[in-house]
Each structure stands twice: as structure tokens, then as C-alpha cells.
């Protein structure tokens, strides 16, 4: 059912499939959920509102119809090609801000991917914490085919698959199937199309079992960590973080629930 707490957007469907869970569904199936200025603004607004809603624990990002997202709407890109540099900078900043909003959301985010994820659609999947794909999903960082580059999505793709794989995907624009996307880390789980919702729901159930403050801390801490040497500064950051979190009400409730063999009070009943 639709979420009555949010302003109704024109390019998205917002719903609450179960307590603690919000789903943001891109709803332009006629153009394979390609996004333009309007959808970018509405995605940014939806994630802003849901991040501030204490009743929301997990956010699922999905695409209506046969495909997750074809990326940038080509009519939008054509308009951009004839616009001024100043217009393009302002426009690109809005896209960059929307992806950053998703990536920095304090709540766990799950991309539900079926069919095609192209260009910016790959960026959306990579901006989410977890991406679960149907076995009919395919992925292409396709921008170079149109004489442009995957600039705004580049950091998210690189974080997901590493620099060499990201460069290969961007330079060749090759379309990879779900098994290869799983192998290189672009998605973390693959299942049949019929079982996609069940796998998403199973992951959501696991996420709801974790403490919401702990998950917020995980996203903040891991956002500061890089692959490489574990420096004294990193060790101190981790020690300070766990020392602070161990003394919180949520931690005390978590230990009490485990020892008392009962559900923690943050798990929706």
C-alpha cells in the first residue's frame, strides 16, 4: 500500500510492505525506469524523508516492470548536450547529490534488481548497501557509447567492484550477466526472478534483527575505512567507537535480550 506520510511523487511509488520497511519503486516502466530531473529530485526527497522517519528501519529500492533502471533518460541527456556549462554543472550536482543521499542514508538500503541496469542504473545499485539480483539481470556501464563518461556514478562503481573492474566496465561498456556481477561484487546475491522477492524479504528480516543505532554506527565507521594498511589512527578510531557504543542503551538491551532468550525491543513484532 502507498505510504500516506510522504508527498505523492509522480515518478515513484512509495510503500510500506511490512513494519519497519519502506520500498521506493521507480515507476516509469515505459522507459525502463530511466531517470530524468524529476525522478532525481523525487528520489532525493524520498530518501531524505525516509532517513528522518524513525518508523523506517530498512529501505528497498526497486524498479517497476521488467527492468530495474535504464539509467539516464536519453531525452534528458540530449537536452543537457545543448545546454550551457553552468546549467550542466547545476544539473550534474543534483544527480551527484541524489546518489550521495542514498549512499549516506543512515539506514540499511537494499537494491532489488531485475532485468536491465544500465549506466546510472548500475550507479543506483552500487549506491545501496546491498544489491540482490534476479538471474535475468544484466548490467552495463554504458555511457561511453553515447560519447560521455560514467563520472558521477564512477566512485560508487569503483567502491563496489574495485578500480580495474570499474575501468573495464566503463571502457568496454560490456553488458555482464548476473553471475559475473556476483563474482566481481557488483551484487551480493543472485536468485531466480520468481524467488527475488523472497530473497529480498529474507535479507530485510536479517537487517531488522540488528540494532538500528548499531547499523547507523556501522555505516558511519565503514564509510571512514579504506582498504589498505591498518594505521594507528584507524586502530584508535575503532577502539574509540566500540568503547562509546558498548555503553549505549541499545547495547544494554541487546545483551539483555540475548541472555534473556527474547527478541530485542527494536525488532518489529
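In UniProt numbering, the protein residues as written are 1 to 269. Idealized CB from N, CA, C, for every residue including glycine.
Helix, strand or coil, according to DSSP, for residue i in the structure here?
i           : result
residue 48  : helix
residue 172 : helix
residue 267 : coil
residue 68  : coil
residue 230 : coil
residue 131 : strand
residue 235 : helix
residue 262 : coil
residue 61  : strand
residue 161 : helix
residue 189 : strand
residue 116 : strand
residue 34  : coil
residue 56  : coil
Starting from residue i, trace the alpha helix (DSSP H) both ways and give me its first and last residue.
i           : result
residue 273 : One cannot answer for residue 273 here, as it falls past the ends of the chain, which runs 1 to 269.
residue 27  : Element bounds for residue 27: n/a, residue is neither H nor E.
residue 259 : 249-259
residue 95  : 85-103
residue 81  : 74-81
residue 216 : 212-224
residue 203 : 196-209
For residue i, which residues of its own chain have a beta-carbon under 6 angstroms away from its beta-carbon, when the five flanking residues on both sides are left out?
i           : result
residue 166 : 157 and 158
residue 138 : 116, 175 and 177
residue 103 : 127
residue 84  : none
residue 207 : 58 and 108
Am I right that residue i and residue j are in contact with their C-beta atoms under 8 angstroms? What's the rounded C-beta distance?
i           : j           : result
residue 128 : residue 109 : 4 angstroms
residue 11  : residue 62  : Wrong, their Cβ atoms sit about 13 angstroms apart, outside the cutoff.
residue 136 : residue 193 : 5 angstroms
residue 250 : residue 211 : 5 angstroms
Rank the options by C-alpha distance to the C-alpha of residue i and give the top, closest one.
i           : options               : result
residue 94  : 68, 45 and 119        : 45
residue 150 : 168, 248 and 136      : 168
residue 8   : 70, 39, 221 and 163   : 39
residue 68  : 122, 152, 246 and 250 : 122
residue 97  : 43, 78 and 74         : 43
residue 153 : 54, 249, 92 and 65    : 92
residue 15  : 50, 54 and 37         : 50
Closer than 7 angstroms by C-beta to residue i: which residues in its own chain qualify, once you throw out the five before and the five after it? Chain order, please.
i           : result
residue 19  : 268
residue 233 : none
residue 72  : 34, 35, 119 and 120
residue 173 : 140, 141, 142, 144 and 145
Consider the Cβ of residue i: report whether some Cβ of chain D lies at a distance smaller than 9 angstroms.
i          : result
residue 39 : No chain D is present in this structure, which holds just one protein chain.
In terms of residues, what are the limits of the beta strand (DSSP E) holding residue i?
i           : result
residue 179 : That residue, residue 179, is in no beta strand (DSSP E); its alpha helix (DSSP H) goes 178-184.
residue 139 : 138-140
residue 16  : 12-18
Within its chain, find whatever has a CB closer than 8 angstroms to the CB of residue i; leave out the 5 residues flanking it on each side and keep chain order.
i           : result
residue 132 : 110, 111, 112, 113, 187, 188, 189, 190, 191, 196, 199, 200 and 203
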